[in-house]
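Novice:
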Amino acid sequence: MSTIRARMGTLYLDNLESVEGAATLVVANTVPQNLESAVDIHATINLQVVNTAGAAISGSRIQVYVFPTGLAEVLAYDTGAGGYQTGFAGTAVEHTSPGSGAADELWLSFAPTAWLVNDTEYTVRVETI
Amino acid sequence: MAGPYWIAPGTRQGRIQPAHAAPADGSWVFCLGWDGLDPMPDFVLETGETIAIEQSVDIDPIWDFITLMWKMRTPQDMPAVRTILASGNAYMRREAPTGNGLLDDGGHLRGLYLPGAVFLPSDGEQELHISNIAASGSYRCSAVLDPDGGGRHYAVLESSSFSPCSSTNAIVQVYGARWVANAYVDGVLRASLVETARHEVTRKLDLHISRATGATLIRFELSLEQVTS
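Heads up: the protein sequence lines correspond to chains G and X, in order.
Residue numbering for the first sequence follows the working numbering, starting at 1 and increasing by one per position.
Residue numbering for the second sequence follows the working numbering, starting at 1001 and increasing by one per position.
1. Counting contacts by CB-CB distance shorter than 8 Å, is tyrosine 122 (chain G) in contact with chain X?
2. Under three-state DSSP, which class holds isoleucine 1059 (chain X)?
3. Over what stretch of residues does the beta strand (DSSP E) that includes leucine 11 (chain G) continue unbroken?
4. With three or more C-beta pairs closer than 8 Å as the rule, is the segment 1059-1076 of chain X touching the segment 1121-1133 of chain X?
5. How is the beta strand (DSSP E) around glycine 1137 (chain X) delimited, first residue to last?
6. Could you compute how far the alpha carbon of glycine 1099 (chain X) sits from the alpha carbon of leucine 1157 (chain X)?
7. So with CB distances below 8 Å, who are the chain G contacts of aspartate 1042 (chain X)?
8. Whose C-alpha, out of X:Ile1059, X:Ser1160, X:Leu1114 and X:Val1081, is nearest the C-alpha of leucine 1217 (chain X)?
9. Using a threshold of 8 Å, state whether the C-beta atoms of valine 1201 (chain X) and arginine 1178 (chain X) are closer than that.
10. Mind checking which residues open and close the beta strand (DSSP E) that includes threonine 3 (chain G)?
11. Under three-state DSSP, which class holds isoleucine 57 (chain G)?
12. If we ignore side chains and look at the alpha-carbon of each, how far apart do serine 1210 (chain X) and aspartate 1146 (chain X) end up?
13. Cα separation between arginine 7 (chain G) and glycine 1033 (chain X)?
14. Thinking isoleucine 1051 (chain X) and glutamate 1221 (chain X) are a contact (beta carbons under 8 Å), I'd like their distance in whole angstroms, please.
15. In chain G, what lies closer than 9 Å to proline 1164 (chain X) by C-beta?
16. Could you list which residues in chain G have their beta carbon closer than 7 Å to that of glycine 1111 (chain X), in chain order?
17. Write down every uninterrupted run of the beta strand (DSSP E) in the segment 1180-1210 of chain X whose length is 3 residues or greater and which is fully enclosed by it, in chain order.
18. What does methionine 1069 (chain X) reach in chain G if we use C-beta pairs closer than 9 Å?
19. Using a 10 Å radius around the Cβ and a threshold of 16 neighbouring Cβ atoms, would you call aspartate 104 (chain G) buried or exposed?
20. Should glycine 1101 (chain X) go down as buried or exposed, given a rule of 16 or more other Cβ atoms within 10 Å for buried?
21. Could you give the residue range of the beta strand (DSSP E) that holds threonine 1091 (chain X)?
22. Starting from the N-terminal side, write out each stretch of the beta strand (DSSP E) that is 3 residues or longer and does not extend beyond the segment 1016-1051 of chain X.
23. Out of X:Cys1165, X:Ala1183 and X:Ala1080, state which residue places its alpha-carbon closest to the alpha-carbon of arginine 5 (chain G).
24. Residues in the segment 1128-1142 of chain X with C-beta within 8 Å of chain G's C-beta atoms, listed in sequence order?
25. Determine the contact status of serine 100 (chain G) and glycine 54 (chain G), defining contact as a CB-CB distance below 8 Å.
26. Around the Cβ of methionine 1001 (chain X), are there at least 16 other Cβ atoms within 10 angstroms (buried) or fewer (exposed)?
27. When you compare the CB of leucine 1157 (chain X) with every CB in chain G, is at least one pair closer than 8 Å?
28. Got a sec, what are the start and stop residues for the beta strand (DSSP E) tryptophan 115 (chain G) sits in?
29. Do leucine 35 (chain G) and leucine 1068 (chain X) have their beta-carbon atoms positioned less than 8 Å apart in this structure?
30. Can you give me the C-alpha to C-alpha distance between alanine 114 (chain G) and glutamine 85 (chain G), rounded to a whole angstrom?
31. Can you tell which of X:Gly1014, X:Pro1061 and X:Phe1043 has its C-alpha closest to the C-alpha of alanine 1215 (chain X)?
32. Run the CB neighbour count on threonine 52 (chain G), radius 10 Å, all protein chains shown included, and call it buried at 16 or more, exposed below.
33. If we define contact as Cβ-Cβ less than 8 Å, is valine 64 (chain G) a contact residue for chain X?
34. Assuming glycine 1111 (chain X) is part of the beta strand (DSSP E), what are its boundary residues?
35. Which residues in the same chain as arginine 1140 (chain X) place their Cβ atom closer than 6 Å to its Cβ, once the five residues preceding and following it in sequence are excluded?
36. Please report whether the beta-carbon of alanine 1080 (chain X) lies at a distance below 8 Å from any beta-carbon of chain G.
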């Protein structure tokens, strides 16, 4: 690797806390997050689906819908139907959390093949079957 | 936390009462990088370089997540990927161009001459990728020069390893860079974040640790990554 000249970034960390009593299947770390505004219309949507019981995430059928709020739901991803659906691309990677004996997480990214519509609120809904 | 940028611990970096962020609770936060606003200070950095903190935690088996607030600020003028020459004449020379012409510096610097393209001043001190030429590869550019007043057609490459060569269809790009925030638990990536410049959001992120127990190491990193496309 070479040296380059670049400006320093910043990361603030605050309020480290433990959480217990979570549901068995949880959607975590959605970026952009709920109610976030000024999101770039080229933005990739990221989220994690995790099984807190340590079971393999592949045992759950996961469907993700991404659509402008108030309009018809659009299926963007379905583990039971080949993964990414028409109009969406991205990465779907299973992860194993620390101490788990199974790949108990699915990290998904969604890059819409067309730009998001400007000044439009979007809904991301995750269903497990 | 080593590194030449670790220059103001306790005031701009590390555990601080921030001047440019609102703590979620109380008045203290931990800051990796620099508590400031654009333009942020610049440094000569190595891509892949990391600023990190670690904390050992004794995880209770009933815990499902460790949650925290984090906010990332990305400088506006980070190096961006740019094609300087899509296809054209390029000459990789033994001589390093200087303000006085082309002089051999003794073998530690070599030059790239693009008669049909010009470099930007900001290409100096960035990494160039040169392809479709015998000495294809990545080179650090230490300066871009206009020795004859005809435009910035010359770059000084910090390399003594290539033999002079030329091409009529060379491709020359300058690589970009970005800051990435990562959180690890016992070396396992739990969350990752990249923000665009001027988009500052305080996020609550959850580190899934439902199967972990006992003594654990949590690590937060701010890493400089190379962007190649």
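In this text, a Cβ means the ideal position worked out from N, Cα and C, and glycines have one as well.
Specialist: This is what the structure holds:
1. Not one chain X Cβ lies under 8 Å of tyrosine 122 (chain G).
2. In the displayed model, isoleucine 1059 (chain X) falls within a strand according to three-state DSSP.
3. Per DSSP, leucine 11 (chain G) belongs to the beta strand (DSSP E) from 10-20.
4. No, because fewer than three Cβ pairs between the segment 1121-1133 of chain X and the segment 1059-1076 of chain X fall closer than 8 Å, the two stretches do not touch.
5. 1137-1145 is the extent of the beta strand (DSSP E) around glycine 1137 (chain X).
6. Caution applies to glycine 1099 (chain X), whose pLDDT of 49 falls short of 50 and renders its modelled position unreliable; the model cannot decide the point.
7. Those are Arg5, Ala6, Arg7 and Met8, listed as they occur along chain G.
8. With distances taken between Cα atoms, leucine 1217 (chain X) lies closest to X:Ile1059.
9. No, they are not a contact pair.
10. Start and end: 3-7.
11. Correct three-state label for isoleucine 57 (chain G): helix.
12. Distance between the alpha carbons of serine 1210 (chain X) and aspartate 1146 (chain X): 60 Å.
13. If I take the Cα positions, the gap works out to 10 Å.
14. For isoleucine 1051 (chain X) against glutamate 1221 (chain X), the beta-carbon gap comes to about 7 Å, under 8 Å, which counts as contact.
15. Those do not exist, as proline 1164 (chain X) stays about 21 Å from chain G at its closest Cβ, beyond 9 Å.
16. Around glycine 1111 (chain X), no beta-carbon contact reaches into chain G at under 7 Å, the shortest distance being about 17 Å.
17. Given a length threshold of 3 residues, each whole run of the beta strand (DSSP E) inside the segment 1180-1210 of chain X is given here in chain order: 1188-1193 and 1202-1208.
18. Here the neighbours are Tyr12, Leu13, Asp14, Asn15 and Leu16.
19. With 16 or more other Cβ atoms inside 10 Å of its own Cβ, aspartate 104 (chain G) counts as buried.
20. Because the pLDDT of glycine 1101 (chain X) is 48, which lies under 50, any placement of that residue in the model is unreliable, and the question is left without a value.
21. Correcting the residue identity first, residue 1091 (chain X) is tyrosine in this sequence and not threonine. Element bounds for tyrosine 1091 (chain X): 1082-1093.
22. Whole beta strand (DSSP E) segments, 3+ residues: 1029-1033 and 1042-1046.
23. Ranked by how close their Cα comes to the Cα of arginine 5 (chain G), the residues X:Cys1165, X:Ala1183 and X:Ala1080 have X:Ala1080 in first place.
24. Cβ proximity to chain G below 8 Å picks out Ser1138, Tyr1139 and Arg1140 from the segment 1128-1142 of chain X.
25. Going by C-beta atoms, serine 100 (chain G) is nearer than 8 Å to glycine 54 (chain G).
26. Low local confidence applies: a pLDDT of 45 at methionine 1001 (chain X) is under 50, so the model's placement there is unreliable, with the coordinate-based value given in what follows. Flag for methionine 1001 (chain X) reads exposed.
27. With 8 Å as the cut-off, leucine 1157 (chain X) does not count as an interface residue toward chain G.
28. Where tryptophan 115 (chain G) is concerned, there is no enclosing beta strand (DSSP E), given that its DSSP letter is neither H nor E.
29. Going by C-beta atoms, leucine 1068 (chain X) is not nearer than 8 Å to leucine 35 (chain G).
30. Cα to Cα, the separation comes out at about 13 Å.
31. Taking each of X:Gly1014, X:Pro1061 and X:Phe1043 in turn and checking the Cα distance to alanine 1215 (chain X), the smallest one comes out for X:Pro1061.
32. Buried, because 16 or more other Cβ atoms sit within 10 Å of the Cβ of threonine 52 (chain G).
33. It does not: the Cβ of valine 64 (chain G) has no partner Cβ on chain X nearer than 8 Å.
34. For glycine 1111 (chain X), the enclosing beta strand (DSSP E) covers residues 1110-1113.
35. Cβ-Cβ distances below 6 Å link arginine 1140 (chain X) to Glu1127 and Glu1158 in the same chain, with the five nearest sequence neighbours on each side left out; the list follows chain order.
36. Residue-level contact by beta carbon fails for alanine 1080 (chain X) and chain G, as no gap is shorter than 8 Å.
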